[in-house]
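Residue 217, in the UniProt record's numbering, is where the sequence shown stops; the numbers in between run on with no holes.
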Amino acid sequence: FMGLGLGNFVGGSVDRRQIASIQESVGETSSQSVVVAVDRIFTGSTRLDGNAIVDFVRWLCAVSMDELASPHHPRMFSLQKIVEISYYNMNRIRLQWSRIWHVIGDHFNKVGCNPNEDVAIFAVDSLRQLSMKFLEKGELANFRFQKDFLRPFEHIMKKNRSPTIRDMVIRCITQMVNSQAANIRSGWKNIFAVFHQAASDHDGNIVELAFQTTAHI
């Protein structure tokens, strides 16, 4: 009897449209339950120990690369989740966070140079949001976590030949300088490296924007 539909178990007073509406509601409820369950996996990542979270992130990045492999219909679900777990786990002790970011930063290096410009734009904007949040925390003397965190911007600026993406990188860095200069420590190395690359760019707008920002530092 498993093949029988809902219509086989209701009275004649219920028409097919009502049945369809009920089935749709059941489907939506089921989908919402799945979404909640999936979200719980990622929010629960904060409870993983130092080694487990690195493995979790490494495999999530691998899935993300598979999703982005399609040249016509790349999926950014896992990339979005990488951004989310970065937020969730940013308050871990610095040693653990450094290991996590080593994996995530390498992933952003690749995704930020994706030939699909929409994917690269999403990656750079996600980096911007994460970096702004990270810079708010400041940096203790003798630490170099900012330098590691901002390194993907330097990589993308050097490797991505899209003027749109390079312009976006400069604008992201400019926003950081304008709003977080007081908190930047080791990150200045990456910032000036990006501006150095911009100075020799073929796009005059990129050169001008980098020069204007440098002049205000």
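Positions of the beta carbon are idealized from the N, C-alpha and C atoms, including for glycine. Being a predicted model, the structure only gives us computed values, none of them experimental.
>> Which runs of the alpha helix (DSSP H) at least 4 residues long sit entirely within the UniProt domain "Mon2/Sec7/BIG1-like HDS" (133-214)? Give them in chain order.
In response: 145-159, 163-180, 188-199
> With a CB to CB cut of under 7 Å and the five nearest residues on each side skipped, what residues in its chain are close to N190?
Replying inline: Position 190 of the sequence shown holds residue 190. Within the same chain, N190 has close Cβ partners K147, L150, R151, F153, E154.
> DSSP three-state call for H102: helix, strand or coil?
Replying inline: Within the sequence shown, numbered from 1, the residue matching residue 102 stands at position 102. Looking at H102 - three-state DSSP - the assignment turns out to be helix.
> Hey, would you say V124 sits closer than 8 Å to I82, going by beta carbons?
Replying inline: Here the question's residue 124 lines up with position 124 in the sequence shown. Here the question's residue 82 lines up with position 82 in the sequence shown. No, they are not a contact pair.
>> Between which two residues does the alpha helix (DSSP H) holding M65 run?
In response: Residue 65 sits at position 65 when you count from the first residue of the sequence shown. Run containing M65: 50-67, per the alpha helix (DSSP H) assignment.
>> Contact between the stretch 108-123 and the stretch 71-87 is defined here as three or more beta-carbon pairs at a separation below 8 Å; is this criterion met?
In response: yes
>> Taking the straight line between their C-alpha atoms, what separation do you get for T46 and N89?
In response: Mapped onto the sequence shown, residue 46 falls at position 46. Mapped onto the sequence shown, residue 89 falls at position 89. Those two C-alpha atoms are separated by around 6 Å.
>> Buried or exposed for G44, going by 16 or more other Cβ atoms inside 10 Å?
In response: Within the sequence shown, numbered from 1, the residue matching residue 44 stands at position 44. So G44 counts as exposed.
> Can you tell which of V57, D39, S78 has the C-alpha that lies nearest to the C-alpha of D66?
Replying inline: The residue labelled residue 66 in the question sits at position 66 within the sequence shown. Here the closest residue by C-alpha is S78.
>> Taking the straight line between their C-alpha atoms, what separation do you get for P163 and I100?
In response: As a first step, residue 163 is located in the sequence shown; it is residue number 163 there, counting from the start. As a first step, residue 100 is located in the sequence shown; it is residue number 100 there, counting from the start. Distance between the alpha carbons of P163 and I100: 30 Å.
> Straight-line CA distance for G105 to E139?
Replying inline: Position 105 of the sequence shown, counted from the first residue, corresponds to residue 105. Position 139 of the sequence shown, counted from the first residue, corresponds to residue 139. Using only the alpha carbons, I get a separation of about 18 Å.
>> Rounding to the nearest angstrom, what Cα-Cα distance links residue 218 and K137 in this structure?
In response: With the chain covering 1 to 217 only, the question about residue 218 has no answer from this structure.
> Quick one: what's got a C-beta closer than 6 Å to T214's C-beta in the same chain, skipping five residues either side?
Replying inline: The residue labelled residue 214 in the question sits at position 214 within the sequence shown. Excluding residues within five positions, the ones whose Cβ falls inside 6 Å are F195.
>> Excluding the 5 residues flanking Q180 on each side, which residues of the same chain have their C-beta closer than 6 Å to its C-beta?
In response: Here residue 180 refers to the residue found at position 180 of the sequence shown. Result list for Q180: L135, in chain order.
> So which of I184, R171, N183 has the shortest CA-CA distance to E208?
Replying inline: Within the sequence shown, numbered from 1, the residue matching residue 208 stands at position 208. Among I184, R171, N183, the Cα nearest to that of E208 belongs to R171.
>> Along the chain, where does the alpha helix (DSSP H) containing I85 start, and where does it finish?
In response: On the sequence shown, residue 85 is found 85 positions in, with the first residue counted as 1. Unbroken alpha helix (DSSP H) run through I85: 77-89.
> Buried or exposed: where does V111 fall if 16 or more other Cβ atoms within 10 Å of its Cβ makes it buried?
Replying inline: Your numbering for residue 111 matches position 111 in the sequence shown. Flag for V111 reads buried.
> Can you tell me whether R161 is buried or exposed, with buried defined as 16 or more other CB within 10 angstroms of its CB?
Replying inline: Mapped onto the sequence shown, residue 161 falls at position 161. Exposed.
>> So for H73, helix, strand or coil by DSSP?
In response: Start at 1 with the first residue of the sequence shown, and residue 73 comes out as number 73. In this structure, H73 counts as coil in the three-state DSSP scheme.
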